[in-house]
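Working notes, beginning with the structure itself.
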Amino acid sequence: MTESADHRPQHLPLAPGTRVLITGGAGFLGSHLAEALLDRGCRVAVIDNLSTGRFDNIRHLTPNARFSFAIDSITNEAVLDHLIGDCDLIYHLAAVVGVELIVKDPVSVLESNVFGARAVLAAANRYKKPVLITSSSEVYGKSERVPFAEDDDQVLGPTTRARWSYATSKTAIEHLGLAYHRRLELPVIIARLFNVVGPRQRARYGMVIPRFVRQALAGEPLTVYGDGRQRRSFCDVSDAVRALVLLAEHPQARGRVFNVGATREIAIRDLAGLVLRLVTGEPPSSERITLVPYDRVYGPGFEDMQRRLPDVSRIQALTGWRPTVPLEDTLRRVIASLGGPAAGRPIASPAVAGDGENA
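For what it's worth, my numbering labels the leading residue of the sequence shown as 61, then goes sequentially.
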């Protein structure tokens, strides 16, 4: 569990009045994090260039006197320096994300992600402000050692395949952040996120759940890439936000890497069936699911991983965190947020495997 307030250092963040900067805070995860921090009484500043984030995600926060928003790039040194100098804690979420962008524009992925992180870390170091960096399960690459633990080896594909540019950028950022911690004593925490999902996530950049939900609501076939047997664990955004808050509060998290994700898996084809059942209230028919070869979507040579399952024992041991939101509940909220009526009755899904932590 987290330490009691009586034993926390005075500089430990997230008490009411704490000044928090969120880079990429107009995005899916950042907007939910901003809400949670405002609910705790924090003062929240967001910087986002709206390249993939949306002002609509944070529009409802603007009347709050403790919220501010700067439309700008984190590579704008003067703006970033001012914001970091005026905060107590930084959540660095800004990044180019989404498989489609990764494949189509690896230059932006590498330059935006790595140079942006370098700018944030350099400014944070000038003021010695703690930084929590969100990384990705992509850093585990093609490893077949499941569930993935934080100190496992990474197995990335060749540099000749653009698909690996995102994983490479996130790996480089982790190395950079931890180097700042080791050599310059900058308080840095790394959170490796596994398939965080929920309302406000967009299908536009290749995110599977909003794509499935939009297709189901439109009466279209759900397009499953590959054979659909690849398995993923989906973490509700509220669970992920709770983890990010707990990690930032804990002094012993600094200088360490933590997996954040759900501990149950579902095959992507079964996920499509579950979405259909929740939208229609009826068993899915095979005609409503279409398998699409990866090459047709991402070009020749695209590689996808069969499993992405985290070992979350490290964060659980330190903070007591564990995922709690059932996948069906997350899907219902996504369906409702996109204007559809989720089926009201509970659905038992034999396709979801696991031991009960996130079912």
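Every residue gets a Cβ at the ideal spot worked out from N, C-alpha and C, and that includes glycine. As the structure is a computational prediction, the values presented were derived from the model and not from experiment.
*Considering only residues of the same chain and omitting the five flanking positions on each side of Glu325, which have a CB-CB separation below 6 Å?*
Arg291, Ser293, Leu369 and Ala413
*asked:* Quick check on DSSP: helix, strand or coil for Pro370?
replied: strand
*For Ala184, which option in Ser196, Asp146 and Pro353 has the closest C-alpha, if you only look at C-alpha atoms?*
Asp146
_Given His142 as reference, the closest of Ile107, Leu121, Lys164 and Arg252 once Cα atoms are compared_ = Ile107
*Is Glu245 helix, strand or coil when you go by DSSP?*
coil
*Does the distance from the C-beta atom of Leu277 to that of Gly359 stay below 9 Å?*
no
*In the structure shown, what three-state DSSP assignment does Ser196 receive?*
strand
*Helix, strand or coil: how does DSSP classify His152 here?*
strand
_Bridge partner(s) assigned by DSSP for Phe129_ = Val106
*What residues are listed by DSSP as bridge partners for Tyr285?*
Val352
_Distance, Lys188 Cα to Arg79 Cα_ = 14 Å
*CB Leu153 to CB Leu236, shorter than 9 Å?*
no
*Presumed contact (8 Å Cβ cut-off) between Val174 and Ser111, rounded CB distance*: No, Val174 and Ser111 are not in contact; Cβ-Cβ is about 16 Å, not under 8 Å.
_For Ala209, three-class secondary structure by DSSP_ = coil
*With a CB to CB cut of under 6 Å and the five nearest residues on each side skipped, what residues in its chain are close to Ser409?*
Low confidence applies to Ser409: its pLDDT is 42, below 50, so where it sits in the model is not reliable enough to give any reading.
*Just mark Pro270 as buried or exposed, buried being the case when its beta carbon has 16 or more other beta carbons within 10 Å.*
buried
*Skipping 5 residues on each side, what residues in its chain have a beta carbon closer than 7 Å to that of Ser91?*
Gly85, Asn117, Ile118 and Arg260
*Counting along the chain, where does the beta strand (DSSP E) carrying Asn117 start and finish?*
Segment: none, Asn117 is in no beta strand (DSSP E) and carries neither H nor E.
*Just reading off the beta strand (DSSP E) that Arg83 is part of, what are its end residues?*
For clarity, residue 83 is Thr in the given sequence; the question names Arg instead. That run of the beta strand (DSSP E) goes Arg79 to Thr83.
*Is Thr390 near Gly258, with beta carbons less than 9 Å apart?*
yes
_C-beta atoms of Ile193 and Ile144 nearer than 9 Å_ = no
*Touch check for the stretch 211 to 226 and the stretch 379 to 398: three-plus C-beta pairs under 8 Å?*
no
*Should Ser298 go down as buried or exposed, given a rule of 16 or more other Cβ atoms within 10 Å for buried?*
buried
_Opposing strand residues paired with Asn319 [DSSP bridges]_ = Arg252
*Among all the DSSP beta bridges, which residues are the ones paired with Val257?*
Asp296
*Glu95: buried (16+ other C-beta within 10 angstroms of its C-beta) or exposed?*
buried
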